[in-house]
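Worksheet: one structure, shown below.
Protein chains: 2
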Amino acid sequence: MALSGPENTRNCSCPNTLQCLRALPEKLWSKLVEVTKIAKKFGQDHPRRLIHSFKVGVALVMISTLHHFRPSFYAFGDNIMWAVLTVVVVLEFSVGATLGKGLNRMLATFLAGALGVGTHCLANLSGHKGEAVLTPIFIFLIAGTVTLMRFSPRFKVRYDYGMIIFILTFCLVSLSDEKESEMLEIAHERLLTIIIGSCIAVMVCICICPVWAGEDLHNEIAGNMEKLANFFEGFSDEYFNNSDTTQTVQDKSFMHRYKSVLSSKSSEETMAVLARWEPCHGKFKFHHPWKQYLKIGNQTRVCAYKIEALSSYLLHSKQNPHEVQSMIQESCTIISSECGKTLKESSLGVRHMTKSSMPNQHVANAKNAVESLKSVLRTNPWEGADYVDIIAVAAVASLLIDVVDCTEKICEAIEELASLARFVPSQLLHQGTVQPISKRDDSIHVITIDEITPRLYE
Amino acid sequence: MALSGPENTRNCSCPNTLQCLRALPEKLWSKLVEVTKIAKKFGQDHPRRLIHSFKVGVALVMISTLHHFRPSFYAFGDNIMWAVLTVVVVLEFSVGATLGKGLNRMLATFLAGALGVGTHCLANLSGHKGEAVLTPIFIFLIAGTVTLMRFSPRFKVRYDYGMIIFILTFCLVSLSDEKESEMLEIAHERLLTIIIGSCIAVMVCICICPVWAGEDLHNEIAGNMEKLANFFEGFSDEYFNNSDTTQTVQDKSFMHRYKSVLSSKSSEETMAVLARWEPCHGKFKFHHPWKQYLKIGNQTRVCAYKIEALSSYLLHSKQNPHEVQSMIQESCTIISSECGKTLKESSLGVRHMTKSSMPNQHVANAKNAVESLKSVLRTNPWEGADYVDIIAVAAVASLLIDVVDCTEKICEAIEELASLARFVPSQLLHQGTVQPISKRDDSIHVITIDEITPRLYE
Numbered sequence: 000m001a002l003s004g005p006e007n008t009r010n011c012s013c014p015n016t017l018q019c020l021r022a023l024p025e026k027l028w029s030k031l032v033e034v035t036k037i038a039k040k041f042g043q044d045h046p047r048r049l050i051h052s053f054k055v056g057v058a059l060v061m062i063s064t065l066h067h068f069r070p071s072f073y074a075f076g077d078n079i080m081w082a083v084l085t086v087v088v089v090l091e092f093s094v095g096a097t098l099g100k101g102l103n104r105m106l107a108t109f110l111a112g113a114l115g116v117g118t119h120c121l122a123n124l125s126g127h128k129g130e131a132v133l134t135p136i137f138i139f140l141i142a143g144t145v146t147l148m149r150f151s152p153r154f155k156v157r158y159d160y161g162m163i164i165f166i167l168t169f170c171l172v173s174l175s176d177e178k179e180s181e182m183l184e185i186a187h188e189r190l191l192t193i194i195i196g197s198c199i200a201v202m203v204c205i206c207i208c209p210v211w212a213g214e215d216l217h218n219e220i221a222g223n224m225e226k227l228a229n230f231f232e233g234f235s236d237e238y239f240n241n242s243d244t245t246q247t248v249q250d251k252s253f254m255h256r257y258k259s260v261l262s263s264k265s266s267e268e269t270m271a272v273l274a275r276w277e278p279c280h281g282k283f284k285f286h287h288p289w290k291q292y293l294k295i296g297n298q299t300r301v302c303a304y305k306i307e308a309l310s311s312y313l314l315h316s317k318q319n320p321h322e323v324q325s326m327i328q329e330s331c332t333i334i335s336s337e338c339g340k341t342l343k344e345s346s347l348g349v350r351h352m353t354k355s356s357m358p359n360q361h362v363a364n365a366k367n368a369v370e371s372l373k374s375v376l377r378t379n380p381w382e383g384a385d386y387v388d389i390i391a392v393a394a395v396a397s398l399l400i401d402v403v404d405c406t407e408k409i410c411e412a413i414e415e416l417a418s419l420a421r422f423v424p425s426q427l428l429h430q431g432t433v434q435p436i437s438k439r440d441d442s443i444h445v446i447t448i449d450e451i452t453p454r455l456y457e
Numbered sequence: 000m001a002l003s004g005p006e007n008t009r010n011c012s013c014p015n016t017l018q019c020l021r022a023l024p025e026k027l028w029s030k031l032v033e034v035t036k037i038a039k040k041f042g043q044d045h046p047r048r049l050i051h052s053f054k055v056g057v058a059l060v061m062i063s064t065l066h067h068f069r070p071s072f073y074a075f076g077d078n079i080m081w082a083v084l085t086v087v088v089v090l091e092f093s094v095g096a097t098l099g100k101g102l103n104r105m106l107a108t109f110l111a112g113a114l115g116v117g118t119h120c121l122a123n124l125s126g127h128k129g130e131a132v133l134t135p136i137f138i139f140l141i142a143g144t145v146t147l148m149r150f151s152p153r154f155k156v157r158y159d160y161g162m163i164i165f166i167l168t169f170c171l172v173s174l175s176d177e178k179e180s181e182m183l184e185i186a187h188e189r190l191l192t193i194i195i196g197s198c199i200a201v202m203v204c205i206c207i208c209p210v211w212a213g214e215d216l217h218n219e220i221a222g223n224m225e226k227l228a229n230f231f232e233g234f235s236d237e238y239f240n241n242s243d244t245t246q247t248v249q250d251k252s253f254m255h256r257y258k259s260v261l262s263s264k265s266s267e268e269t270m271a272v273l274a275r276w277e278p279c280h281g282k283f284k285f286h287h288p289w290k291q292y293l294k295i296g297n298q299t300r301v302c303a304y305k306i307e308a309l310s311s312y313l314l315h316s317k318q319n320p321h322e323v324q325s326m327i328q329e330s331c332t333i334i335s336s337e338c339g340k341t342l343k344e345s346s347l348g349v350r351h352m353t354k355s356s357m358p359n360q361h362v363a364n365a366k367n368a369v370e371s372l373k374s375v376l377r378t379n380p381w382e383g384a385d386y387v388d389i390i391a392v393a394a395v396a397s398l399l400i401d402v403v404d405c406t407e408k409i410c411e412a413i414e415e416l417a418s419l420a421r422f423v424p425s426q427l428l429h430q431g432t433v434q435p436i437s438k439r440d441d442s443i444h445v446i447t448i449d450e451i452t453p454r455l456y457e
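From first to last, the protein sequence lines stand for chains A and B. According to numbering that gives the first Met the number 0, the first sequence holds residues 0 to 457 in order. According to numbering that gives the first Met the number 0, the second sequence holds residues 0 to 457 in order.
Listed below in structure tokens is the structure:
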């Protein structure tokens, strides 16, 4: 049924235009099918975006219905504009952003309106000519000062939108021609319309599949740790050439997921600011320690920088003689896999808000492996080998030792979060048994985890 | 004269209220002096922010003066609002942002107005009841579709603001009660007011000390390379413990400047988008290759990640035995200093838009030093030493070798920029002489630069 592009062109180049016209409905149908398919795929890939678009439509339809039935607060025909303006600008993707903008808008309109009426009265007292001089002076001073305040990082993150609305409202009130009694009435009506607009936006945002910035931040922090864990889990296979050569590049894409962590700082900071506007929801209380997530995020990024340095050695790993690599293979494999497990366990702990001693045990295992690596090195295993070959392998060993410290710091930051946000202990969730493996120095212990709650991993 | 805080409190707690009142003018004066001092300091620290605030004030005063004299285009009293709204929202810190928002606003208002009038007519044809049904349907479809388009990364970066204005204007026009003939007139007036507002904003933004996003991006990219150069210049002194121990922590702050480069990605990308809106200015033509700056920025960040890994070895450098470090000291010092010189030269080249072969010569020197380091390593210099001590030092050597590649890639990206943006050759600016130094293998050449144009460094 559906016509492909080239066929379409052929159809249109036919000499018979009637034939062309006949093919039109068919072509339109195929186009419609195509668009529907794209929309369906988009909806499956990004359901939240589709829902947000639906929400914007719903909120505006609500406003237009209100407008149609004209309740008493639409006495001023012009005021519908302010409700529409408010809904379009205030309704954002996340609840935090919507609430923040709504509150900013309402508060700023109220304060600027009051100040505007005050200065308007003051200017009026000085006659028509005085007003013509005083009004611009007031506007210049207030707009300039508030613009300066917008640069203050402390205000900017939470009140930037409010300050723009403050300047806007103050100017509009100052420049309005109405008499004071009328002005107060208009101001009252306008504030009410803005409150109605904000309330509709907030209501739609919260009631229809809400997107919580806090929850997103929570999941992103946990997800980032998982990305690093993926790298560590694949690293030793990749580096020591044990990886299956039939694996395609796509299969190894999990090794590169950490790259998104390198530049995650600004998005995490934005989400933390928005999360602070949000009321309690799901697992999160009102005063959830969102700032602590940023600390974890910073430590995760420090670890990601080390991974970036490590990953460059993967490219040339095959150039290093196998006998040089193999000396440190066992310990490095354990360090890498234990770091991976630490991060995976920590990520799960954060995701499900449970306290667990498992990450610390994995860190202890990794540290034991570091000691074991050092004791291997003390036997001077590369005696006689070329140091040009050694240094790249030594760098990997050294970076891996460093990574253990990073992982430990991430664990510490998470423990702090766990105590601030009162995570529940997870003795029931995992059952750990410590299994010593026979090794050269018997100092490495590997912990086997029996998952008795597989639903956690869904 | 000025009273400090505690004295103020003491003054007010005095039993004699009259005395307190007498002190009031003095206190107010001291407060005013304090505020003036803070403002003066702020102005010295951030002159551009102060100027921007001044510009916002001026633009709004211009609008209010226009309003006072009421030219013919202010026939509709309400329309002043649109000019004020436009100026407040459109006038941004940089010319690129202002132009982008202004053009977005004008175009979106025009298109949405036309579409709104069209759908309004269509809805009108179906009678009062039909209109009540059709208008919300149109609003839902258009607002939903445009909101979906806002998620497209391709549109988002340049037209996000325009799409918001499109939804807003379309809804306002659709919901307006005016008859079609009146509507067209209002639409015409409103578009004119928005054009006037945008023009005032753009004019003020360009005419009073303009801030060009492109120039900022250009300087930031050059500045970031300089920050990395600072690190390399200080690294060997710091690592091999030659640094003056009397130097305070503050003196070494230049070693940590590279940290800001780690998270510079998003700000660079924003500036590149804004720069594309800007007309030719100063040294920059209209189609200046702003995207190439992002490539350089990415390469600079990759280098910064390596530096982050290197810097962690600075902390423990004193734990490494001196005899292990000293083996690689000479070559590593040269690599580090040559990388520093490469980056400094490249930064200067970008800053002054000149092509120079000096960075490549420094890269060649660094590569020679790498070869020399390798030949030192081939003599197995650490024979018999403990490998636990060796690996940290080997990691530094290996990372430094890696850094040379990074620096070379930065140079390549800059060369590409130089050919795209037609940088002028700088034979006249530098006079380079190649001085071979007597070395073990005579393979290292050091280039001395005689600056004949010291003004470049101003």
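Backbone N, C-alpha and C define an ideal beta-carbon position, used for all residues, glycine too.
Query                                                                                                                                                     : Result
Could you have a look at Pro424/A and say whether DSSP puts it in helix, strand or coil?                                                                  : strand
Any Cβ of chain A within less than 8 Å of the Cβ of Lys305/B?                                                                                             : yes
Taking Asp385/B as the reference, which of Val387/A, Asp385/A, Asp388/A and Trp381/A has the closest Cα?                                                  : Trp381/A
Since Trp381/A meets chain B, which of its residues come closer than 8 Å, beta carbon to beta carbon?                                                     : Tyr386
How long is the line joining the alpha carbons of Gly115/B and Lys178/B, rounded to whole angstroms?                                                      : 13 Å
Compare the beta carbon distance of Phe139/B and Gly56/A with 8 Å and say whether it is the shorter of the two.                                           : yes
At a Cβ threshold of 8 Å, is Ala308/A touching chain B?                                                                                                   : yes
Whose C-beta lies closer than 7 Å to the C-beta of Asn123/A among residues of the same chain, with five residues either side of it excluded?              : Glu130
Quick one: residues in its chain with C-beta nearer than 6 Å to the C-beta of Ala186/A, no 5 flanking neighbours on either side, listed in chain order?   : Gly112
Please list, in chain order, the residues of the segment 113-140 of chain B that have any C-beta partner in chain A closer than 8 Å.                      : Ala131, Thr134, Pro135, Ile138, Phe139 and Leu140
At a CB-CB cut-off below 8 Å, which residues of chain A make contact with Val55/B?                                                                        : Ala142, Gly143, Thr146 and Ile166
If we cut at 8 Å on Cβ distances, does Ile163/A have a partner in chain B?                                                                                : yes
With a threshold of 8 Å between beta-carbons, can Leu428/B be considered close to chain A, or not?                                                        : Interpretation of Leu428/B is limited by its pLDDT of 48, a score under 50 that renders its predicted location unreliable; no figure is taken from the coordinates.
Excluding the 5 residues flanking Arg350/A on each side, which residues of the same chain have their C-beta closer than 6 Å to its C-beta?                : Ala221
I need the boundaries of the alpha helix (DSSP H) containing Ile333/A, first residue and last residue.                                                    : His321 to His351
Give the residues of chain B in contact with Arg48/A, contact being defined as C-beta atoms less than 7 Å apart.                                          : Leu147 and Phe150
Tell me where the alpha helix (DSSP H) around Glu418/B begins and ends.                                                                                   : Position check: residue 418/B holds Ser in this sequence, whereas Glu was assumed. Segment Tyr386 to Leu419, the alpha helix (DSSP H) holding Ser418/B.
So that I know if they touch, is there some Cβ in chain A lying closer than 8 Å to that of Thr64/B?                                                       : yes
Taking only runs that begin and end inside the segment 111-171 of chain B, name each unbroken alpha helix (DSSP H) of 4 or more residues, in chain order. : 126-149
In this structure, does DSSP put His51/B in helix, strand or coil?                                                                                        : helix
Assuming Leu84/A is part of the alpha helix (DSSP H), what are its boundary residues?                                                                     : Ile79 to Val89
For Ala38/A, count neighbouring Cβ atoms within 10 angstroms of its own Cβ and tell me buried if that reaches 16, exposed if not.                         : exposed
Measure from the C-beta of Leu84/A to each C-beta in chain B and report whether the shortest distance is under 8 Å.                                       : yes
Could you give the distance in angstroms between the alpha-carbon of Glu268/B and the alpha-carbon of Leu293/B?                                           : 7 Å
With a cut-off of 8 Å, do at least 3 Cβ pairs link the segment 279-288 of chain A to the segment 393-413 of chain A?                                      : no
Whose Cβ in chain B lies nearer than 7 Å to the Cβ of Ser346/A?                                                                                           : Ordered by position in chain B, no residue passes the 7 Å Cβ test against Ser346/A, which lies about 22 Å from the chain.
Would DSSP call Phe75/B helix, strand or coil?                                                                                                            : Note on Phe75/B: pLDDT 47, under 50, position unreliable in the model; the coordinate value appears next. If DSSP states are grouped into helix, strand and coil, Phe75/B belongs with coil.
Which residues of the segment 171-198 of chain A have a Cβ closer than 8 Å to any Cβ of chain B? Give them in chain order.                                : Leu171, Ser173, Leu174 and Asp176
Where does Thr16/B land, buried or exposed, given buried means 16+ other C-beta within 10 angstroms?                                                      : exposed
Ignore the nearest five residues each way along the sequence and tell me which others in Gln328/A's own chain have a CB closer than 8 Å to its CB.        : Ser235 and Phe239
Tell me whether His287/A sits in a helix, a strand or coil according to DSSP, three-state version.                                                        : coil
Can you pull the chain B neighbours of Arg377/A, defined as C-beta to C-beta under 8 Å?                                                                   : Asp385, Tyr386 and Val387
What are the residues that DSSP puts in a beta bridge with His280/A?                                                                                      : Phe283/A
Am I right that Ser173/A and Thr134/A are in contact with their C-beta atoms under 8 Å? What's the rounded C-beta distance?                               : 5 Å
Could you give the DSSP three-state label for Lys178/A: helix, strand or coil?                                                                            : coil
Tell me whether His287/A is buried or exposed, calling it buried when 16 or more other Cβ atoms sit within 10 Å of its Cβ.                                : buried
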